[in-house]
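One structure below.
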Amino acid sequence: MKTMKRWSWVCLALAAALAHGQDVLTIDEALASARENNGDVRSAFLSVRAAEQDVKSARADFLPSVSANLSRSSGWQDRYTGFGQGRTDFNSTNSSVSLDYRILDNGQRRYSFDRVLLSQDVALLSARQTLRTTLFNVHQRFYDALRSQELFRVRNAQLKRSEELLKQAEISADPAIGAIPRRDVLQARADLLNSRASVLQAQNNVTNSLANLKAVLGWSTGELPELDSQTDPNRRPEERDLESLVNKALETRPDLVAQRKRVEQSQVALRLTKLNVGVQYSLNAQYTRTFNEDVSDRPQLVFQASMPVYDGDSRRAEVRGSELSLEAQLASLQQTERDVVAEVESAYKAYAQNGLILEASQLALQAAQENYDAASKSLQLGAGDVIDVLTAQVTLVTAETNFVQSLYDLLISEVRLDLAVGDPIPGEPVEESVGE
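Just so we're on the same page, this note's numbering is the position in the sequence shown counted from 1, plus 4.
This is the structure we're talking about:
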């Protein structure tokens, strides 16, 4: 009896810790924390900023460059033979300003700039997909944490019922009463021990799920507040058309659009390698003004042209390599599109199926609760036995577990469908779309 009381106090303390935190963490606050602190998200958007700087650098190739030069030399020269033997001191200062502007070339600047622009688009699209994947993980782990807490409550309630059942069995099996056989007490005690083990397992799941949630939130120190568990048990899937979802995913999903941009990058890279096979030329306007003892100006036009005569077929091999890389990108894109279609179909069916499972589990829970109440009442009236109650309790715990699982499966599958389709994930800030 002392052991039972100790277990009751432990379970009450655990339940109180879950239900009476000082603060409450809502799903919106969790999403905001991940946007701000998650390392993958920060890394992705820092890559976007780096790509923006690459664009600025590439754009500068189309602008004139101006440089100021200054040199000062001081020393001496010793001549030991010939005319002018002896030491000569010298001091000189040279300063100049130079301007260089490339008027035209064979297209290398344009293709290089196009490739950098595409890299910027890829970085932005990849960052958006990383953000959405992270926000989905927040939803999933937040709901998994709530799921584990609800399952802990289910197991804790099972433990309390097992304790009460053991008390009733011991009273009914007393020789003075003899309402039930002694073996029913043994069965009730075994059920109680199993319930205690289930509580410990459920508590371990709570600890692990909260740790996983902290990781995706970028929660650095301290424990998480109590999670806001406001969920609608009567939630049902929205009616959505599968064909339109597939078409939308193929058109707008960021990771798929990013892969198409990479194909365009390969096409631009192929054009660049083909330029190296032919004549390369450039025309530059240059101007230099020197500020020495004698001031001078030097404007000039510089035209340069070169053509490879023999390079061991190095450039042609580069062209063929670029062509094969492009073919590889196209093959990969085709397979990715197939994978996206399969992912949308799977997420769509899982979302619809989870709605049906939730509806069925609600009915099963109601029936299991009524069955358990009836079995318990029969035992109290002496018309039933412990085995009937234990069987009813197993059915009730199964129904409660199925209901909790199906509720959070539905919530997660709804967000997973948004991710598969390429829709904004709840918690995603509104941003301008990338030109496609």
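Just so you know, even glycine gets a beta-carbon here, dropped at the ideal spot from N, CA and C.
Query: For V28: DSSP bridge partner residues; Result: E230
Query: Three-way DSSP call (helix, strand, coil) for N212 in this model; Result: helix
Query: E374 versus G43: straight-line alpha-carbon distance, rounded; Result: 49 Å
Query: Sufficient close CB pairs (3 or more, under 8 Å) joining the segment 342-353 to the segment 409-425; Result: yes
Query: Limits of the unbroken alpha helix (DSSP H) element including P258; Result: 258-281
Query: 7 Å Cβ shell around Y105 - same chain, five flanking residues per side excluded; Result: P68, N288, A289
Query: Per-residue DSSP class, three states only, for G43; Result: helix
Query: Through-space distance from D118 to V210, alpha-carbon basis; Result: 51 Å
Query: Through-space distance from L135 to G226, alpha-carbon basis; Result: 24 Å
Query: The segment 263-271 contacting the segment 124-143, beta-carbon criterion three pairs below 8 Å; Result: yes
Query: Straight-line Cα distance separating L221 from A253; Result: 27 Å
Query: Close beta carbons around Q191, own chain, < 7 Å, minus the five adjacent residues each side; Result: V390, I391, L394
Query: Helix, strand or coil at A445 [DSSP, three-state]; Result: Because the chain here runs from 5 to 440, residue 445 falls outside it and cannot be looked at.
Query: Inter-residue CB distance, V142 and A38 (contact presumed, cutoff 8 Å); Result: 5 Å
Query: Beta-carbon gap between Q124 and A64 smaller than 8 Å; Result: no
Query: S382 in three-state terms, based on DSSP; Result: helix
Query: Proximity of V28 and V408 at Cβ, strictly below 8 Å; Result: no
Query: Inter-residue Cα distance where the pair is F140 and D195; Result: 39 Å
Query: Integer Cβ distance of V356 from A403, believed to fall under 8 Å; Result: One detail in the question is off: residue 356 reads as Ala in this sequence, not Val. Not quite, the Cβ-Cβ distance comes to about 22 Å (not below 8 Å), so this is no contact.
Query: Nearest candidate by alpha-carbon position, reference R165, set Q397, T138, E154, E174; Result: Q397
Query: Opposing strand residues paired with Y291 [DSSP bridges]; Result: L103, P303
Query: Of the listed residues D298, S326, V281, nearest to A309 (C-alpha basis); Result: V281
Query: Pair within 8 Å by beta-carbon distance, K278 and V344; Result: no
Query: Status (buried if at least 16 other CB within 10 Å, exposed otherwise) for Y147; Result: buried
Query: Beta-carbon proximity of R186 to L170, cut-off 8 Å; Result: no
Query: Buried or exposed (CB count within 10 angstroms, at least 16 for buried), L305; Result: exposed
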